[in-house]
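In the UniProt record's numbering, the protein residues as written are 1 to 513. All C-beta atoms, glycine included, are put in the ideal place defined by N, C-alpha and C. Note that the structure is a prediction, hence the values are computed from the model and not measured.
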Amino acid sequence: MKSFVLTSIAAASFAALFAVALPASAIDGKPAVDKQTVVVAITALPANLDPLIPPSVESAKYAWNAFDALYGFDRQGNLEPRLATGYDISGDGLVWTFKLRKGVKFHNGDAFTADDVKFSMDRVLQPESKSTRRPFFAPIIESTTVKDPQTVVFRLKKKDGAFLNKLAGYLYIVPHKYAQSLPNAEAFAQAPIGTGPWKIVRNQVGRELVFERFDGFWGTKPAVSRLVYKVVPEASSRASALLAGEIDLATEVLPTDLERLQANKGLAAEVVDGGSPLHIRIYSNDPASPLAKRDVRLAMNYAVDKKALITSVLRGQAAELNSLIPSSYPYGSNPTLKPFAFDISKARQLLGEAGYAKGFDTILTCPSNQPRVICETLAAYWGQVGIRTQIKVIDSVAYNRLNNTHQSGPLVVMGFGNAIYDPIHVIGGAATKDGTWSDYSNAEVEKLVTQVDGEPEKSKRDAIFRQILQVTRDDGQAVLLAEPKVIYVKDPQLDWKPQVAGWSLNFREAAWK
């Protein structure tokens, strides 16, 4: 049964996805423009270039280059100082004092000071800003104080073991003076400036984003002078553009395209753990919905053959997923948990016990940056147990807007960029009653999240996260699918490495050999 369902769907979908023949030219050492320019094909750009508003994967892909935080992450996800040079924590863990780097300039030449840090945090906390970072800071920030131009103090309402990670991943610093000189917040989103190594010089909405090197950057300046993001939503088109020499780097390459591209000696692949739990977000907070019943959610997990999906659809470029926190995270995963087995009989039994022996009708939202074959495969599997699934495909920009505002349900394909390299990003965002990407609530999870929020010791945080993952798995919080690899293919003469277990793009060190 599984072979027929998966093989027939995959064959038809792959035929449609990859109908465009790929050219057979090599680009080894032949830049798309020149060796002062890097041209990158990406799936989408954020509709809003204000880095403090939409924490989408697309936002992180550009913001790491144009903006800085007090601390940042290296390629492995380790914290490193950026706009701050160090910090002190009070004995009770509630007062964090940061010393700021001297001589830092914004892209317009204004000096960076502690006032800009306070402005940035205050802006996130204002409800009218509609920042989706607000839920991560509003519960913990009591005040932000400027002690002097090079010193800023955060006073917390309660201890937060992931506070430094949150500052590194969520709080990009924007210029107070410049932002206030503009007529409204939307004006900043149209012409943003930061302190990063790249400044934005052109934005063709939905098509292209062009950066130039910021020669006033406080750190090591990029080796190339121009960076161009081209929006190419279709994976096959990104592969074709790479082979045609129109781009230097293709992001989010599909496994099937990787097989074709690797046959070209003029290309090089970078394949890393994604750190992204591919899963189905379930809107389970409507008591009238079948999805509110635990047994229905568990049935949807048992009804899908994840191993076959990984082998046939993801072409082996993924690992099985046993919880919302994949094993590639630095800590917090639970290796004792087993992935859901493929068990049609059990799925039917659970549906019958929940009162849905004849199944029900539902809708699965499929963002355009995910292969439709994934959604079609899921719909086919669920159909075998009576869950009749309509697929609704939407573009990535609309998906981010709807998904961030609880309008993407009742079922939606989701993945996570590891924005802060701490599991609370996923758990707090996807499994709590107030999470930006959550329509799920469990009293035991809420209690454990409160515990982990106040625990700074990594080993103890790790133990609490393991408990949370046990609870959410047993409660069918999501349909757990896989941890996909993230695949990039580039000209081998381009010296660039991707983030491990993260989807952000960092071109601070990109160079041509």
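A straight line joining the alpha-carbon of residue 428 with that of residue 162 spans about 11 Å. Residue 431 and residue 131 have their C-alpha atoms roughly 19 Å apart. Spatial neighbours of residue 332 in its own chain (CB-CB distance under 6 Å, excluding positions within 5 residues in sequence) are listed in chain order as 325, 423, 462 and 465. Within the model, the alpha-carbon separation for residue 279 versus residue 475 is close to 15 Å.
Between the alpha carbons of residue 125 and residue 176 lies a gap of roughly 15 Å. Taking each of 113, 368, 150 and 261 in turn and checking the Cα distance to residue 194, the smallest one comes out for 113.
By the C-beta criterion, the stretch 480 to 491 is judged to be in contact with the stretch 248 to 255, since at least 3 inter-stretch pairs fall below 8 Å.
Per DSSP, residue 455 has no beta bridge partner at all. With respect to residue 105, residue 146 sits apart: the two C-beta atoms are not nearer than 8 Å.
Positions of the beta strand (DSSP E) runs, each at least 3 residues long and wholly inside the stretch 250 to 295, are given as 268 to 273 and 278 to 282 in order along the chain. In the DSSP assignment, residue 135 falls within the unbroken alpha helix (DSSP H) covering 134 to 137. Taking C-beta atoms as the reference points, residue 370 and residue 303 fail to come closer than 8 Å. Between residue 387 and residue 362, the gap from beta carbon to beta carbon is short of 8 Å.
Below 8 Å, too few C-beta pairs join the stretch 77 to 86 and the stretch 127 to 144 to call them touching: fewer than three. Residues 367 of the same chain have their beta carbon placed closer than 6 Å to that of residue 399, with the five preceding and five following residues left out of the count. In this structure, 111 is the residue among 111, 135, 166 and 120 with its C-alpha nearest to the C-alpha of residue 150.
The shortest C-alpha to C-alpha distance from residue 173 to any of 157, 101 and 135 is the one to 101. No Cβ-Cβ contact shorter than 8 Å links residue 501 with residue 169. Judged by DSSP secondary structure, residue 390 falls within the beta strand (DSSP E) whose first and last residues are 387 to 394. Residue 226 has 37 and 212 as its beta-bridge partners, per DSSP.
DSSP, read as helix, strand or coil, puts residue 508 in coil. By the criterion of at least three beta-carbon pairs nearer than 8 Å, the stretch 401 to 420 is in contact with the stretch 53 to 72.
Between the alpha carbons of residue 372 and residue 314 lies a gap of roughly 12 Å.
By the neighbour-count criterion, in which a residue is buried when 16 or more other Cβ atoms sit within 10 angstroms of its Cβ, residue 417 is buried. If you look at residue 314, you'll find it isn't in any alpha helix (DSSP H); DSSP assigns it neither H nor E.
Distance from the CA of residue 133 to the CA of residue 50, rounded to the nearest whole angstrom, comes to 12 Å. In the DSSP assignment, residue 426 falls within the alpha helix (DSSP H) that extends over 424 to 430. In this structure, residue 477 sits near residue 440, with a CB-CB distance shorter than 8 Å. If you draw a straight line from the Cα of residue 264 to the Cα of residue 503, it is about 25 Å long. Per DSSP, residue 105 lies in no alpha helix (DSSP H) segment and is marked neither H nor E. Collapsing the DSSP output to three states places residue 202 in a strand. Here residue 83 has 68, 69, 70, 100, 101, 104, 112, 173 and 195 as same chain residues with Cβ atoms under 7 Å from its own Cβ, once five neighbours each way along the sequence are excluded. With a cutoff of 8 Å on beta-carbon distance, residue 337 and residue 226 are scored as not near each other. Ranked by Cα distance from residue 341, the first of 305, 334 and 40 is 305.
By alpha-carbon distance to residue 481, the top candidate from 206, 29, 192 and 319 is 319. Rounded to the nearest whole angstrom, the CA to CA distance from residue 72 to residue 171 is 10 Å.
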